[in-house]
Amino acid sequence: MPLQDDYQVRLSNFEGPLDLLLFLIRRAEVDVNDIPIVEITGQYFDFLKQIDQIDIEVAGEFLVMAATLIEIKSRSLKPPNAEGQEDGPEDIGEDLSAIDPRFELVQQLLAYQRYRAASERLDVHRLEHSQMHQVRVGVSEQDDAELAASSEDAVLEIEDAHLGDLIEAYQRIVEAVDFGKMGDHEIEYDDTPIALHEEDLSDRLQRRPDKRLSLHAALEGKRRIEMIGLFLAVLELARKQHIRILQDPEREEILIELRDEA
Numbered sequence: 028m029p030l031q032d033d034y035q036v037r038l039s040n041f042e043g044p045l046d047l048l049l050f051l052i053r054r055a056e057v058d059v060n061d062i063p064i065v066e067i068t069g070q071y072f073d074f075l076k077q078i079d080q081i082d083i084e085v086a087g088e089f090l091v092m093a094a095t096l097i098e099i100k101s102r103s104l105k106p107p108n109a110e111g112q113e114d115g116p117e118d119i120g121e122d123l124s125a126i127d128p129r130f131e132l133v134q135q136l137l138a139y140q141r142y143r144a145a146s147e148r149l150d151v152h153r154l155e156h157s158q159m160h161q162v163r164v165g166v167s168e169q170d171d172a173e174l175a176a177s178s179e180d181a182v183l184e185i186e187d188a189h190l191g192d193l194i195e196a197y198q199r200i201v202e203a204v205d206f207g208k209m210g211d212h213e214i215e216y217d218d219t220p221i222a223l224h225e226e227d228l229s230d231r232l233q234r235r236p237d238k239r240l241s242l243h244a245a246l247e248g249k250r251r252i253e254m255i256g257l258f259l260a261v262l263e264l265a266r267k268q269h270i271r272i273l274q275d276p277e278r279e280e281i282l283i284e285l286r287d288e289a
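Under the numbering used here, the first residue of the sequence shown carries the number 28, and numbering increases by one thereafter.
Next up, the structure:
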């Protein structure tokens with residue numbers, strides 16, 4: 028189900044990836060406890076591909092969730108483990124996530140729903156209070172201007188290749204990961220500073236004769252959390268205009284090229 032044509036596609040419309048997921052789930056009119064993971068994963072990526080510009084500061088959370096959805100989908104499509112079918116009832120209660128890969132995500136969504144409900148109640152109280160006391164505390168017009176300026180600085184607009192092409196390439200690369208070989212692991216985020224990923228990528232480009240590297244080659248062989256960090260580094264380098272992002276018209280491959288002035 029496509030987004031409405033007049034809907035402004037911006038990540039800032041959502042408080043985070045869980046907020047976006049709840050929006051998609053409600054739009055699909057399904058129960059949070061029984062998420063159609065294949066359908067929702069497809070819609071989540073369709074949304075990201077329609078984004079015109081991206082805020083580097085918040086992109087990481089949405090990319091982590093994107094990779095998480097792909098992993099859950101991958102595990103959901105695998106046939107059940109024959110050995111696991113012989114477990115007793117006491118074993119089933121020990122690890123519900125092993126029975127249903129969606130379990131942890133569902134728990135996060137339910138907790139977020141409770142948080143949203145509480146937050147909305149507080150907003151109502153604040154509105155009622157502000158109507159009685161029309162006083163604005165602690166925020167000046169200058170503060171507003173500085174906040175808006177800092178937000179604009181973190182926004183990326185790509186001219187050479189549409190952002191949707193980048194997201195689609197990212198999706199293909201992450202979907203190629205064999206999660207079965209990774210074994211059990213916790214969903215985590217790469218705590219390596221983006222600046223280090225930027226240096227690593229710039230160095231790799233500098234050492235190549237043509238100063239070019241495909242996005243696939245840049246992410247190949249990396250762990251999922253490293254892929255996310257490197258992908259954010261690509262976006263940040265593009266925002267700083269240190270690299271040029273191109274698309275091979277024949278192979279539809281995303282290429283990263285170091286700019287001469289970088």
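No residue lacks a Cβ here, since even glycine has one placed at the ideal position from N, Cα and C. Here the structure is a predicted model, which means the values were calculated and not measured.
The residue among 44, 272, 85 with its C-alpha nearest the C-alpha of residue 70 is 44. Shown here, residue 127 sits in coil according to DSSP, grouped into three states, outside any helix or strand. Membership of residue 284 in the beta strand (DSSP E) is indicated by the continuous run 281-285. Here the alpha carbon of residue 286 sits roughly 20 Å from the alpha carbon of residue 83.
If you draw a straight line from the Cα of residue 197 to the Cα of residue 88, it comes to about 15 Å.
A direct Cα-Cα distance of roughly 28 Å separates residue 129 from residue 243. The beta carbon of residue 94 sits closer than 6 Å to the beta carbons of 201, 251 from its chain, once the five residues preceding and following it are set aside; these are given in chain order. Under the three-state reduction of DSSP output, residue 274 falls in the strand class. In this structure, DSSP gives residue 250 a state outside helix and strand, which the three-state scheme calls coil.
DSSP places residue 229 in the uninterrupted alpha helix (DSSP H) bounded by 221-234. Contact annotation, residue 272 with residue 193: C-beta distance approximately 7 Å; criterion of less than 8 Å satisfied. Judged by DSSP in its simplified three-state form, residue 58 adopts coil rather than helix or strand. Taking C-beta separations shorter than 8 Å and ignoring five residues to either side along the sequence, residue 226 has no partners in its chain.
Between the alpha carbons of residue 224 and residue 59 lies a distance of about 36 Å. In the displayed model, residue 82 falls within a strand according to three-state DSSP. Around the Cβ of residue 222, a 10 Å sphere holds fewer than 16 other Cβ atoms; the residue is exposed. Following the DSSP letters along the chain, one finds residue 75 inside the alpha helix (DSSP H) bounded by residues 64-76. Classified as buried, residue 228 has 16 or more neighbouring CB atoms from the shown chains inside 10 Å of its CB.
The continuous stretches of beta strand (DSSP E) do not include residue 190, which lies in the alpha helix (DSSP H) extending over residues 190-202. Straight through space, the alpha carbons of residue 279 and residue 143 are spaced by roughly 41 Å. Residue 143 is bridged by DSSP to nothing; it lacks a bridge partner.
In this structure, the straight-line span from the alpha carbon of residue 90 to that of residue 153 is close to 33 Å.
Distances from the alpha-carbon of residue 132 to those of 235, 96, 141 put 96 closest.
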